[in-house]
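Worksheet for the structure shown next.
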Amino acid sequence: MPRLYLAPMEGLADDVLREVLTRIPGYDHAVTEFLRVSATVLPGRSFTRIAPELKVGSRTSSGTPVHLQLLGSDPQRMAASAARLVRLHPAGIDLNFGCPAPTVNRHRGGAALLDEPELLHAIACAVRASVPKGIPFTAKMRLGIADTGRTLDCARALADGGIDALVVHARTKVDGYRPPAHWEWVGRIADTVGVPVAANGEVWSEADWQRCRAVSGVSDVMLGRGAVADPFLARRIRALQADGTKTPDRDAEWAELSPLLGEFWWRVRAKLEARHAPGRLKQWLNLLRRNFPQAESLYGEIRALKDCTAVEGHLRRHGVPVLSAAA
């Protein structure tokens, strides 16, 4: 059975959104936002802060396994941090070689290391020594910094370093999130390394998923922003695998999504200061606008609002159930 993964998305898919998105079935596992390993070995509280699911078997309430992602450039500190994480029994450990953010790259993290396959190999080897074989150990990479000159070298370095599987975001660091995604390179990597490879990038619909698999030649796909913009995408892909193409009923999906939006708002209110909460809701609605006219209307109404009470008034008028932040 082809696998579907929920991508790590820094500043977007935290534990709150991860919890809500995985209520809709479809994912084999989710990956957290990255934990940066820099000057010191990470303490245990860093892991449970970004992944409170560690306290309940490293799964969301719906049972979706949650893998934790580490980012850094020092093999020994990465290995020591992974060893501490192992004590918390994560469902999996992932390495980030894909983040294109300038603030991360300036400090030798994420995609900035893709000109140094020898370092990628050293990091993978060091972390592999800290991670028991029973815990899935994976990595996520882009195609390179500005070009694909060292793409295959980097993929081989990670595979030879002991990872169990590789996810490829089919763009370079310089590409950022601009289309297209170069899925054909995922296939070239899969033909080169001896570990399973999954494709990531520009999958917004079932048709994109089909094209991605056809072009790349791999069966496993990781969904990122497409899953946030269309929370039912993974479920519809599963239905497509089972029954054939079905046209989405957006009104029915919105009716199903409304209580999840309400829960998302409640969890955001419980987690963040009130002044930050409206921004998180707008962030999700802004992506949902791609698929739901109801989200377009609601987003337009609250876009300029900063007061939580005012936001909640509009949520209720749109049929979104609102719980008290203290509930």
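Using my numbering, the letters of the sequence shown correspond one by one to residues 1394 to 1720.
Note that CB positions come from ideal geometry on N, CA and C, so glycine has one too.
Bear in mind that the values here come from a model prediction, so they are computed numbers and not experimental data.
Item to check | Length of the line joining the Cα atoms of H1482 and A1515 | outcome: When rounded, the separation of the alpha-carbon atoms in H1482 and A1515 is 24 Å.
Item to check | Whole-angstrom distance between A1473 and V1497, CA atom to CA atom | outcome: Between the alpha carbons of V1497 and A1473 lies a distance of about 21 Å.
Next on the checklist: Can you give me the C-alpha to C-alpha distance between T1565 and A1574, rounded to a whole angstrom?
Outcome noted: Each residue's Cα considered, the two are about 9 Å apart.
Item to check | Alpha carbon of V1588 to alpha carbon of L1559, nearest angstrom | outcome: Taking the straight line from one Cα to the other gives about 7 Å.
Checklist entry - Could you give the C-beta distance for D1407 and V1430, rounded to a whole number, given that I count them as a contact under 8 Å? => result The C-beta distance from D1407 to V1430 rounds to 19 Å, too long to fall under 8 Å, and the pair is not in contact.
Checklist entry - What runs of the alpha helix (DSSP H), each 4 residues or longer, lie entirely inside the segment 1466-1548? => result Segments of the alpha helix (DSSP H) lying fully in the segment 1466-1548: 1468-1479, 1495-1498, 1510-1523.
Checklist entry - Using 8 Å as the Cβ pair cut-off and three pairs as the minimum, do the segment 1430-1445 and the segment 1640-1655 touch? => result As far as the Cβ criterion goes, the segment 1430-1445 does not touch the segment 1640-1655, which means the pair count is below three.
Checklist entry - Per DSSP, N1679 is paired with what? => result None, per the DSSP bridge assignment.
Checklist entry - In this structure, does DSSP put L1399 in helix, strand or coil? => result Note: L1399 maps to strand in three-state DSSP.
Checklist entry - If you drop the 5 nearest sequence neighbours on each side, which residues of the same chain put their C-beta closer than 6 Å to that of L1405? => result Closer than 6 Å at Cβ, skipping near neighbours: no residue.
Checklist entry - Among R1629, L1665, V1611, which has the Cα closest to the Cα of G1619? => result Ranked by Cα distance from G1619, the options R1629, L1665, V1611 are led by R1629.
Checklist entry - What do you reckon, are the CB atoms on G1485 and P1458 nearer than 9 Å? => result If you check the CB distance, G1485 and P1458 come in under 9 Å.
Checklist entry - Leaving out the 5 sequence neighbours to the left and right, which residues in its chain are closer than 8 Å to R1452 when beta-carbon positions are compared? => result Here the set comprises E1446, P1458, V1459, A1484.
Next on the checklist: Spatial neighbours of V1586 within its chain, please: C-beta separation below 7 Å, excluding the five flanking residues on both sides.
Outcome noted: Once the five neighbours on either side are set aside, the close Cβ partners of V1586 are A1548, R1549, A1552, L1559.
Checklist entry - If you draw a straight line from the alpha carbon of R1683 to that of A1622, how long is it in whole angstroms? => result In this structure, the straight-line span from the alpha carbon of R1683 to that of A1622 is close to 6 Å.
Item to check | Simplified DSSP state of H1711, which is helix, strand or coil | outcome: Here H1711 carries a coil assignment [DSSP, helix/strand/coil].
Checklist entry - Are the CB atoms of D1613 and A1635 nearer to each other than 9 Å? => result With respect to A1635, D1613 sits apart: the two C-beta atoms are not nearer than 9 Å.
Item to check | Same chain, Cβ closer than 8 Å to L1512, neighbours up to 5 away in sequence not counted | outcome: Same-chain partners within the cutoff: S1466, P1468, L1506.
Next on the checklist: Please report the distance separating the alpha-carbon of V1520 from that of F1427.
Outcome noted: Taking the straight line from one Cα to the other gives about 15 Å.
Item to check | Pairwise C-alpha distance: S1598 and G1693 | outcome: Straight-line Cα distance between these residues: approximately 24 Å.
Next on the checklist: Assuming the contact rule is C-beta atoms closer than 8 Å, C1492 and E1403 should be a hit. Round their C-beta distance to whole Å, please.
Outcome noted: About 6 Å; that satisfies the 8 Å criterion.
Checklist entry - Is L1674 helix, strand or coil when you go by DSSP? => result The answer is helix: DSSP assigns L1674 an H, G or I state.
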